[in-house]
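K.L.:
The structure under discussion is supplied below as structure tokens; questions concerning it will follow.
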Amino acid sequence: MASAGLKMKQLTKAEEEIMQVLWQLKKANVKQVIEQLPDPKPAYNTVSTIVRILESKGFVDYEKQGKGHIYFPILSKTEYSNQSINMLVDNYFQGSFKSMVSFFVKKNDLSLKEMESILKDINQKEN
5 MASAGLKMKQ LTKAEEEIMQ VLWQLKKANV KQVIEQLPDP KPAYNTVSTI VRILESKGFV
65 DYEKQGKGHI YFPILSKTEY SNQSINMLVD NYFQGSFKSM VSFFVKKNDL SLKEMESILK
125 DINQKEN
């Protein structure tokens with residue numbers, strides 16, 4: 005499991021798409037992953053290669069099943085999301101969550117009602 009002190013490897017768009025499927029299915033072989041991907045479906049070898057890359061990066065592991073492998077995520081979606089947000093804040097907002105929130109509020113033109121709703125959600129999580 006990745007710890008907060010470890011620098012997480014970044015996922016490419018294709019790798020993240022495969023991880024989204026694995027997080028949803030919990031366990032799957034390459035064929036099952038492909039079935040969940042949008043059309044046009046990628047080639048079997050393409051998905052198989054990406055899954056092996058994810059394995060080498062420490063995002064997935066596998067168990068043997070007959071001649072094939074069943075893959076499953078090692079890193080939870082929540083852990084990945086938290087680390088991705090932290091990297092975003094560090095890389096683009098000098099480590100300041102306040103700067104990030106301010107940026108998104110200004111760019112997305114949030115209404116007062118939306119801001120109140122967000123603050124209410126945050127306060128509920130703190131209690």
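Using my numbering, you'd call the opening residue of the sequence shown number 5 and step up by one each time. Beta carbons: idealized from backbone N, C-alpha and C, even for Gly. Predicted model, so just to flag it, every value in this text is computed and none were measured.
Compute the beta-carbon to beta-carbon distance between V64 and P77, rounded to the nearest angstrom, for a pair I have assumed lies under 8 Å.
P.N.:
One-based indexing of the sequence shown puts residue 64 at position 60. One-based indexing of the sequence shown puts residue 77 at position 73. Their Cβ separation, rounded to whole angstroms, is 6 Å, which keeps V64 and P77 in contact under 8 Å.
K.L.:
A32 bridges to which residues according to DSSP?
P.N.:
As a working mapping, residue 32 is identified with position 28 in the sequence shown. DSSP lists Y75 as partners of A32.
K.L.:
For Q14, which residues of its own chain have a beta-carbon under 8 Å away from its beta-carbon, when the five flanking residues on both sides are left out?
P.N.:
Here residue 14 refers to the residue found at position 10 when the sequence shown is read from its first residue. Once the five neighbours on either side are set aside, the close Cβ partners of Q14 are M91.
K.L.:
Going by beta-carbon coordinates alone, are I74 and K81 separated by less than 9 Å?
P.N.:
As a working note, residue 74 is residue 70 in the sequence shown. As a working note, residue 81 is residue 77 in the sequence shown. It is not a contact, given that the beta carbons lie outside the stated cut-off.
K.L.:
Considering only the alpha carbon of each residue, which of W27, V105, Y96 and E39 lies closest to E126?
P.N.:
As a working mapping, residue 126 is identified with position 122 in the sequence shown. The question names Glu, yet the displayed sequence has Ile at residue 126. For I126, the nearest C-alpha among the options comes from V105.
K.L.:
Should I22 go down as buried or exposed, given a rule of 16 or more other Cβ atoms within 10 Å for buried?
P.N.:
Within the sequence shown, numbered from 1, the residue matching residue 22 stands at position 18. By the Cβ-count criterion, I22 is buried, with 16 or more other Cβ atoms from all chains shown falling within 10 Å of its own Cβ.
K.L.:
Does DSSP put D65 in a helix, a strand or coil?
P.N.:
In the sequence shown, the residue the question calls residue 65 occupies position 61. Correct three-state label for D65: strand.
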